[in-house]
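Notes to accompany the following structure.
Residue numbers (the numbering used here): 131 to 644.
Here it is in structure tokens:
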């Protein structure tokens, strides 16, 4: 009975010590609301009790629970280092994604953290199997089972007063600092159970005029695309020569505020497609494809489908990533083209190159019987950039002056950025050749993960870049800063302007930056 009394008490104390290793550091527990301390203790106990019931070894259960909490803290610290955002409840899904797509996740954890997590797991197993025996009275009410029932009752009593968690605001860093790790995980998980009520942001989009010729529409969410020339004066301007040319002839172009930094592509993706912003999404902002995309959200694809378009999503990666194979039909897409459609396509680094994706778009448009909306999600510039090596000619090709030491990731990034620029030129040429007018929307989902480069040179604002261009003559609005939530609306209004053939495109309040 001694171990069943002392093991969870030691584990509770250890849980606060483990939490103290969080980055960024959290305020001391005595400066948090008392309800958050009790909720932390109750959640820890309700994790310990079923584990101990299965294992029959209190110290083993304590060690295993502590090791899992340590893993969460290590993952949090790695995530904050790369993405400037702490771990939230919605990130638990990425544990399974990390097993299916390890290259996208494990390198950011780091070998030191990975070894520490492995050592914690080995220590927990050693503690449980080699140093502790299962008691004979394991299932006796007067023994371990009765003690576990008492601990479970204590856990329930501690959790019940705050059963929905503290009053979080979905500012992950601020919430964690104010309330602590376990209470925030609990609050975000509880909040996600409530289905979002999403507005239809496209209700005011006018219907197509009769006897018009709808343009082909190609929208490209370019992986980690932004104008990196702002980081360092020594980057050659011609790295984005085609993009610059497109901006000169564009309907609109400029900086784009996006709800993601370094990763979490689906946040920008969902915002572009549905025009729904983060405050409206609430907790669903962290991964809108978990619940929000399945709740009847109206998208750009739905609107264009009603206007007679065939809607196609192209993503040269496995369809199950982010469950896009299930989400895209719900968002109005007739067809999803994934990596299976690129069996012999050349790769640039570990992923299908942008050139091959541009060729696939050209093939789709060549075979189109009517107007087509092609939404492209590229992969070439997806990190981890530090796993790729620079080539002997990369400095001369991408710089007028060599960058400082420690900027190898930037050099790799510029190599892929130049390929993205070639894709811009290729899509422009493809749309220009079509008998039907064409509309091209190009934007970046987030800035790339390059923390060492940003420390050496400059930290970007987090904004990316966009351009909206038409193959037919169209009024230009010049440089306009937008949010990604308004870009889909702007795209539809540009398409309407092309159909009307002559009505000037005028920015209105519905399409202004949020």
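Quick reminder that beta carbons are idealized off the backbone N, C-alpha and C, glycines included.
With 16 other Cβ atoms within 10 Å as the buried cut-off, status of residue i
i: residue 331; result: buried
i: residue 150; result: exposed
i: residue 291; result: exposed
i: residue 639; result: Low per-residue confidence applies at residue 639: pLDDT is 36, beneath 50, and the placement is therefore not dependable, though the value from the model is reported in the following sentence. Result: exposed.
i: residue 271; result: exposed
i: residue 212; result: buried
i: residue 225; result: exposed
i: residue 641; result: Here residue 641 scores only 37 on pLDDT, less than 50, and its place in the model is too uncertain to base an answer on.
i: residue 509; result: buried
i: residue 249; result: exposed
Check whether residue i and residue j have beta carbons under 8 Å apart
i: residue 557; j: residue 369; result: no
i: residue 197; j: residue 181; result: no
i: residue 189; j: residue 145; result: no
i: residue 285; j: residue 313; result: no
i: residue 609; j: residue 388; result: no
i: residue 423; j: residue 460; result: yes
i: residue 310; j: residue 530; result: no
i: residue 446; j: residue 396; result: no
i: residue 372; j: residue 491; result: no
i: residue 176; j: residue 289; result: yes
Where residue i sits in the DSSP three-state scheme
i: residue 350; result: strand
i: residue 182; result: helix
i: residue 502; result: strand
i: residue 300; result: coil
i: residue 495; result: helix
i: residue 156; result: coil
i: residue 530; result: coil
i: residue 616; result: helix
i: residue 412; result: helix
i: residue 231; result: coil
i: residue 435; result: helix
i: residue 117; result: Residue numbering for the chain in the displayed model covers 131 to 644; residue 117 lies beyond these limits and cannot be assessed.
i: residue 596; result: strand
i: residue 291; result: helix
i: residue 609; result: strand
i: residue 520; result: coil
i: residue 362; result: coil
i: residue 602; result: coil
i: residue 383; result: strand
Cutoff 6 Å; reference residue i; Cβ partners in own chain excluding five residues on either side
i: residue 111; result: Shown here, the chain extends from 131 to 644; a query on residue 111 therefore has no answer.
i: residue 408; result: 389, 415
i: residue 350; result: 506, 572
i: residue 430; result: 403, 618
Chain-order list of residues whose beta-carbon lies under 8 Å from that of residue i (same chain, five-residue window excluded)
i: residue 81; result: The chain is shown from 131 up to 644; residue 81 falls before or after that span and cannot be answered.
i: residue 220; result: 318, 322, 413, 416, 417, 420
Of the listed residues the options, nearest to residue i (C-alpha basis)
i: residue 392; options: 594, 564, 618; result: 594
i: residue 269; options: 465, 187, 592; result: 187
i: residue 439; options: 334, 309, 498; result: 498
i: residue 601; options: 437, 442, 625; result: 625
i: residue 278; options: 178, 323, 338; result: 178
i: residue 384; options: 444, 596, 159, 462; result: 596
i: residue 400; options: 462, 264, 341; result: 462
i: residue 274; options: 453, 133, 336; result: 133
i: residue 468; options: 476, 482, 444, 458; result: 444
Cutoff 7 Å; reference residue i; Cβ partners in own chain excluding five residues on either side
i: residue 643; result: Low local confidence applies: a pLDDT of 35 at residue 643 is under 50, so the model's placement there is unreliable, and no value is given.
i: residue 645; result: The structure shown does not extend to residue 645, since the chain is modelled only from 131 to 644, so the question has no answer here.
i: residue 686; result: With the chain represented from 131 up to 644, any question about residue 686 goes unanswered, as that position is not in the structure.
i: residue 636; result: A caution first: residue 636 carries a pLDDT of 42, below 50, which makes its placement in the model unreliable, though a value can still be read off. Excluding positions up to five away in sequence, the list is empty.
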